[in-house]
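Q:
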Amino acid sequence: NAGVTQTPKFQVLKTGQSMTLQCAQDMNHEYMSWYRQDPGMGLRLIHYSVGAGITDQGEVPNGYNVSRSTTEDFPLRLLSAAPSQTSVYFCASSYWWDTEAFFGQGTRLTVV
Amino acid sequence: DAKTTQPNSMESNEEEPVHLPCNHSTISGTDYIHWYRQLPSQGPEYVIHGLTSNVNNRMASLAIAEDRKSSTLILHRATLRDAAVYYCILRALPGSDSGYALNFGKGTSLLVTP
Numbered sequence: 008n009a010g011v012t013q014t015p016k017f018q019v020l021k022t023g024q025s026m027t028l029q030c031a032q033d034m035n036h037e038y039m040s041w042y043r044q045d046p047g048m049g050l051r052l053i054h055y056s057v058g059a060g061i062t063d064q065g066e067v068p069n070g071y072n073v074s075r076s077t078t079e080d081f082p083l084r085l086l087s088a089a090p091s092q093t094s095v096y097f098c099a100s101s102y103w104w105d106t107e108a109f110f111g112q113g114t115r116l117t118v119v
Numbered sequence: 100d101a102k103t104t105q106p107n108s109m110e111s112n113e114e115e116p117v118h119l120p121c122n123h124s125t126i127s128g129t130d131y132i133h134w135y136r137q138l139p140s141q142g143p144e145y146v147i148h149g150l151t152s153n154v155n156n157r158m159a160s161l162a163i164a165e166d167r168k169s170s171t172l173i174l175h176r177a178t179l180r181d182a183a184v185y186y187c188i189l190r191a192l193p194g195s196d197s198g199y200a201l202n203f204g205k206g207t208s209l210l211v212t213p
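Going line by line, the protein sequences match chains A and B. All the letters of the first sequence, read from the start, carry residue numbers 8 to 119 under the working numbering. All the letters of the second sequence, read from the start, carry residue numbers 100 to 213 under the working numbering.
1. Determine the burial state of A:V11: buried for a count of at least 16 other Cβ atoms within 10 Å of its Cβ, exposed for fewer.
2. Mind listing which residues of the stretch 76-88 of chain A have their C-beta closer than 7 angstroms to chain B's C-betas, in chain order?
3. Which residues, in order along the stretch 144-172 of chain B, keep a beta-carbon less than 8 angstroms from a beta-carbon of chain A?
4. Assuming the contact rule is C-beta atoms closer than 8 angstroms, A:E66 and A:L52 should be a hit. Round their C-beta distance to whole Å, please.
5. Applying the criterion that 16 or more other CB atoms from any shown protein chain within 10 Å of the CB defines a buried residue, is A:M39 buried or exposed?
6. Could you work out which residues of chain A lie near B:A200, taking near to mean beta carbons separated by less than 8 angstroms?
7. Check the C-beta distance from B:Q105 over to B:T207 and give it rounded, since I have them as a contact under 8 angstroms.
8. Spatial neighbours of B:A183 within its chain, please: CB distance less than 7 angstroms, with the 5 preceding and 5 following residues excluded, ordered by chain position.
9. Out of B:T103, B:N112 and B:P116, point me to the one whose CA is closest to B:L174's CA.
10. Would you please verify whether the beta carbon of A:M48 is less than 8 angstroms from any beta carbon of chain B?
11. Output the boundary residues of the beta strand (DSSP E) element that contains A:T123.
12. At 8 angstroms on the CB atoms, spell out the chain A contacts of B:R190, in chain order.
Written as structure tokens, this is what we have:
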């Protein structure tokens, strides 16, 4: 039981490049979400999903796309990276909306 | 959205109890009170949650005021490993304005000294 696995752990991108941050969970959780955390700040919700095939926007969705084709995976795509997207990204999953959320270890992204 | 207010930082001695306060005066009747913590360079970790009654688990206790406008996370014996940022979060019902999000504020940075 690995929990929530994020890859890669570190990434440097050039402005304008695209990439996908991977998130996988093996707990059969319906709810999955992506957050970003900027220095000295709390986490902010980017996108979330309440089940396979269902996604919705969070607080800061611009510049990011998501899809949920399986229960296990919830990738986050950066379409055209910008320096403002330099941040630490966390993926989370939970069985239901009010149950314990499990977080991955994070992906530290730098856009130069 | 219902908001929470926490002190920016607190300090405790090792092996002493720690009481971390949280004010949420605009809480609605269906909001759950959740606590998470984030150790340095790690993802947030669930600590405890409750609705109306006090709750205990292996990590901590949660004391909820009778009017639910405040709550206190209690660490019974602080250890150096408990040094982290602690977040008090209100979870609203799906379909409400805050929806599914865990609305992290800045939390309370807990320093534990030997």
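We put the CB at the ideal spot given by N, CA and C, even for glycine.
A: According to the structure shown:
1. buried
2. Listed in sequence order: no entries.
3. Going along the stretch 144-172 of chain B in chain order, one finds E144, Y145 and H148 with a Cβ nearer than 8 angstroms to chain A.
4. 5 angstroms
5. buried
6. S40, L52, Y55, G65 and E66
7. 5 angstroms
8. R136, Q137, L138 and L209
9. B:P116
10. yes
11. Here chain A covers residues 8 to 119 and nothing more, so residue 123 of chain A does not appear.
12. W104 and D105, listed in chain order.
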